[in-house]
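Engineer: Chains as they are written, first to last, in my numbering: chain A, 2 to 387; chain B, 2 to 387. To start, I am sharing the structure in question, which I have written as structure tokens.
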């Protein structure tokens, strides 16, 4: 259980199989986010149709409503939500920080007021594990603090050390062997603090490691060196999960740096706002051009929307505020990201990832590759010291 | 084309096959409403999965946005919307009356301001047919006036006579033989005015007839005698369509009186409001009971929602305002009405419709059948004078 086999390498990029109790997933992979136990607008059948693998659900939201006990009564997230495959739950930590009212962080944990009904809630490492065990995901996350950006160096340092003490408490109460607990490396954008966090975290030898504390407001030029630095020191034999990251260009850059798992609300959220992801960048369905365009969003995409609908029809749905519009754009956008990682895997397997990534970016960025992206690709070619 | 074969009779109720260019449908049938070229929240695949047959689309909405020419450029409604089966379009008349601003009705037609962008629009019988020919449905409707309730007798009389003159104008410009134009019988709840409308309308021998002008505010006790009176005088050999009607009890009562076709926004609208249709009446998913109920909405229902979800999960989606909630309730409610007519057809075929209808109503109305419903069933047993 939780065996992780790297099958192909191309620079730092790799294709691996990750065994979980509810099925083996192939990485690199993008995980759709089902915040409240549903990927917004989509059915489990649609997730299966677009080759989703693992679904992320949010501990914070589900503990507040409907409560983890109801999910447990159903038998866990797959039975509750109807999605029969593997799940990952976050720890609730990140969302308490961003959504909880009047939150107070102490050594013990976080106290906050529910954004749903104003109740006072205590979320501690122990409680996070208790909730995540009730939800029953295949992969669960250690309870951590993700400091905002910017934050004082001192604060980041004290926070990451506390996060390690919280990790220890998580592991000491964890009782279900069929769940893999991933530790989270913090340290902001400071390489020495990342090293400090790695030094304290790696000895726990959890079955996977996450790169946390990024994509919280820093620039990509600040973020990617931190991704590269952290990923390069994580064990080769375990999955690496870059939390909360998932624009198309992030997947390509992250994969180049050896990241295996991604999640983000971006594809569904931008879909609800009327945007479609394509190899040519983001298409705004609210603009005038698509209104009379009889071609599909992407003739190479195999999603339901691209097989059945013109851009003109989808633009009509968006303008008319019909539910099918955001639904179809969410479906397409998730399929786009799944196809993107599928293409990346094929290129890694063939040993042509770097060439493909540059070609893809040339079209996506319309000729002018950002420096951070080029730097990430170049770093991906630097051999790891092991 | 447009052959209508009555295959089974049970009292006035009947099971028939109705041939259209895009497929043969079996009546009685309920038509989901796709106002703006989409049945709210559902994909064509889902409509096929729940055994929808013919979809209704609204001429008024589609001519205003995206415009009928765009639909025509796609090849018609099936190609535009992705639903490959038969369509019916209304004439736009009813919706101009209820949605148009500053509308003015003259012998020529209706002038109004678009509710979308304030443009001044002329809708005439000729224009209605032009738009409906561009939309390309299999069944199109004559441009009529549906007077509000209550209305003066004199007004209803003058209006129905004008509606007949409009019918004549519709037929004189209609050019596509692959579209069946149905005439609409008006006359409010007055049997002598219904007779007057029938006398003027039947000679046109259109391939089907609609019962219009009902379900606009009158009570069921006022409406059903008008349905019975009109339906009993429509030709046996042609489909009868009761416009805008479609609560479960209306389907059963209407079928008893010999109605073949129904449409209504009710199942999808009440679904979006959080209600689920069942044989025990309407289940409010916003109430407290479903929140902890691990059983499906209806264990006998074969829809996706009933096969995959507990009431508790669906109630969670509704409370959390997740799109999947209204989507799944809309799907279930449409499947409920489709199953209801499927059950009615089986009972008509077996000659047991009246017995079944009473049993169904006993449970649905919790023991106390409304007088109007009993009267409709009884009228359904009175042989027709032919």
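C-beta atoms are modelled at their ideal positions from N, C-alpha and C, and glycine is treated no differently.
Using a cut-off of 7 Å between C-beta atoms, extract the partners of residue 321 of chain B located in chain A.
Structural biologist: Simply 37 and 66.
Engineer: Using 8 Å as the threshold, is the segment 220 to 230 of chain B in touch with the segment 189 to 198 of chain B, meaning 3 or more CB pairs across them?
Structural biologist: The segment 220 to 230 of chain B, when compared against the segment 189 to 198 of chain B, does touch it at the 8 Å Cβ threshold.
Engineer: Report buried or exposed for residue 375 of chain B, applying the criterion of at least 16 other Cβ atoms within 10 angstroms of its Cβ.
Structural biologist: That one is exposed.
Engineer: Rounding to the nearest angstrom, what Cα-Cα distance links residue 176 of chain B and residue 282 of chain A in this structure?
Structural biologist: C-alpha separation (whole angstroms): 45 Å.
Engineer: Closer than 8 Å, CB to CB, is residue 42 of chain A near chain B or not?
Structural biologist: Yes - at least one Cβ of chain B is within 8 Å of the one on residue 42 of chain A.
Engineer: So, helix, strand or coil for residue 334 of chain A, using DSSP?
Structural biologist: The answer is helix: DSSP assigns residue 334 of chain A an H, G or I state.
Engineer: For chain A, check one thing: does any of its Cβ atoms lie closer than 8 Å to the Cβ of residue 290 of chain B?
Structural biologist: Residue 290 of chain B does not count as touching chain A.
Engineer: Please tell me whether residue 339 of chain A and residue 306 of chain A are closer than 8 Å, where the distance is taken between their beta carbons.
Structural biologist: No, these two residues do not count as a Cβ contact at 8 Å.
Engineer: Quick check on the DSSP output: what are the complete beta strand (DSSP E) runs of length 3 or more inside the segment 181 to 265 of chain B, in order along the chain?
Structural biologist: For the segment 181 to 265 of chain B, whole beta strand (DSSP E) runs of length 3 or above, ordered along the chain, are 181 to 186, 210 to 212, 241 to 243 and 262 to 264.
Engineer: With a 10 Å radius around its C-beta and 16 neighbouring C-beta atoms as the bar for buried, classify residue 300 of chain A as buried or exposed.
Structural biologist: Residue 300 of chain A should be labelled exposed.
Engineer: Taking 8 Å as the threshold (beta carbon to beta carbon), is residue 211 of chain A in contact with chain B?
Structural biologist: No, its Cβ sits nowhere closer than 8 Å to a Cβ of chain B.
Engineer: Please determine, among B:197, B:384, B:156 and B:141, the residue with the shortest C-alpha to C-alpha distance to residue 88 of chain B.
Structural biologist: Ranking B:197, B:384, B:156 and B:141 by Cα distance to residue 88 of chain B puts B:141 first.
Engineer: Excluding five sequence neighbours on each side, which residues of the same chain lie with their C-beta closer than 6 Å to the C-beta of residue 7 of chain A?
Structural biologist: Cβ within range, chain order: 15 and 17.
Engineer: Between residue 55 of chain A and chain B, is there a C-beta pair that is closer than 8 Å?
Structural biologist: So, not an interface residue.
Engineer: Is the segment 43 to 54 of chain B touching the segment 251 to 261 of chain B, taking contact as three or more C-beta pairs under 8 Å?
Structural biologist: With the cut-off at 8 Å, the segment 43 to 54 of chain B and the segment 251 to 261 of chain B do not touch.
Engineer: Listed from N- to C-terminal order along the chain, which residues in the segment 102 to 128 of chain B have their beta-carbon within a distance smaller than 8 Å of any beta-carbon of chain A?
Structural biologist: Per Cβ criterion, the list is empty.
Engineer: Extract the residue ranges of the beta strand (DSSP E) inside the segment 51 to 76 of chain A, only unbroken runs of 3 or more that lie entirely within it.
Structural biologist: With a minimum length of 3 residues, the continuous beta strand (DSSP E) runs that stay inside the segment 51 to 76 of chain A are 56 to 58.
Engineer: Would you mind telling me which residues of chain B sit closer than 8 Å to residue 83 of chain A, beta carbon to beta carbon, in chain order?
Structural biologist: Correct list: 309, 310 and 314.
Engineer: Verify the CB distance criterion: does residue 328 of chain B have a CB-CB separation below 8 Å to chain A?
Structural biologist: Yes, contact with chain A.
Engineer: Helix or strand or just coil, what does DSSP make of residue 138 of chain B?
Structural biologist: Coil.
Engineer: Which residues share a DSSP beta bridge with residue 105 of chain B?
Structural biologist: B:112.
Engineer: Between the alpha carbons of residue 360 of chain A and residue 215 of chain A, how many angstroms are there, rounded?
Structural biologist: Rounded to whole angstroms, residue 360 of chain A to residue 215 of chain A spans 27 Å at the Cα level.
Engineer: Check whether the segment 70 to 77 of chain A touches the segment 128 to 138 of chain A, taking contact to mean three or more Cβ pairs, one atom from each stretch, closer than 8 Å.
Structural biologist: Because the criterion of three Cβ pairs below 8 Å is met, the segment 70 to 77 of chain A and the segment 128 to 138 of chain A touch.
Engineer: Give me the chain B residues within the contact set of residue 30 of chain A, using Cβ-Cβ distance strictly less than 7 Å, ordered along the chain.
Structural biologist: The premise fails here: residue 30 of chain A is roughly 23 Å from chain B at the closest Cβ pair, so nothing lies under 7 Å.
Engineer: Is DSSP giving residue 15 of chain B helix, strand or coil here?
Structural biologist: Three-state DSSP puts residue 15 of chain B in a strand.
Engineer: Can you give me the start and stop residues for the alpha helix (DSSP H) that residue 172 of chain A sits inside?
Structural biologist: First-last of the alpha helix (DSSP H) with residue 172 of chain A: 154 to 174.
Engineer: Where residue 315 of chain B and residue 85 of chain A are concerned, what is the direct C-alpha to C-alpha distance, given to the nearest angstrom?
Structural biologist: Whole-angstrom Cα-Cα distance: 17 Å.
Engineer: Below 8 Å between beta carbons: does that hold for residue 240 of chain A and residue 60 of chain A?
Structural biologist: In this structure, residue 60 of chain A does not lie closer than 8 Å to residue 240 of chain A by Cβ.
Engineer: Kindly list, in the order they appear in chain A, the residues whose Cβ is closer than 8 Å to that of residue 45 of chain B.
Structural biologist: The answer, in chain order, is 309.
Engineer: Relative to the C-alpha of residue 36 of chain B, which residue among B:245, B:298 and B:147 is closest?
Structural biologist: When only C-alpha atoms are compared, the closest one is B:245.
Engineer: Mind checking who residue 177 of chain A pairs with in its DSSP beta bridge?
Structural biologist: DSSP output for residue 177 of chain A lists no bridge partner at all.
Engineer: Using the rule of at least 16 other Cβ atoms within 10 Å of the residue's Cβ for burial, across every protein chain shown, is residue 158 of chain B buried or exposed?
Structural biologist: Residue 158 of chain B should be labelled buried.
Engineer: Any beta-carbon of chain A closer than 8 Å to the one on residue 324 of chain B?
Structural biologist: Chain A, which has a Cβ nearer than 8 Å to the Cβ of residue 324 of chain B, makes this yes.
Engineer: Straight-line CA distance for residue 108 of chain B to residue 163 of chain B?
Structural biologist: When rounded, the distance between both Cα atoms is 7 Å.
Engineer: Rounding to the nearest angstrom, what Cα-Cα distance links residue 202 of chain A and residue 126 of chain A in this structure?
Structural biologist: Roughly 16 Å between the two C-alpha positions.
Engineer: Per DSSP, residue 31 of chain A is paired with what?
Structural biologist: Beta-bridge pairing links residue 31 of chain A to A:263.
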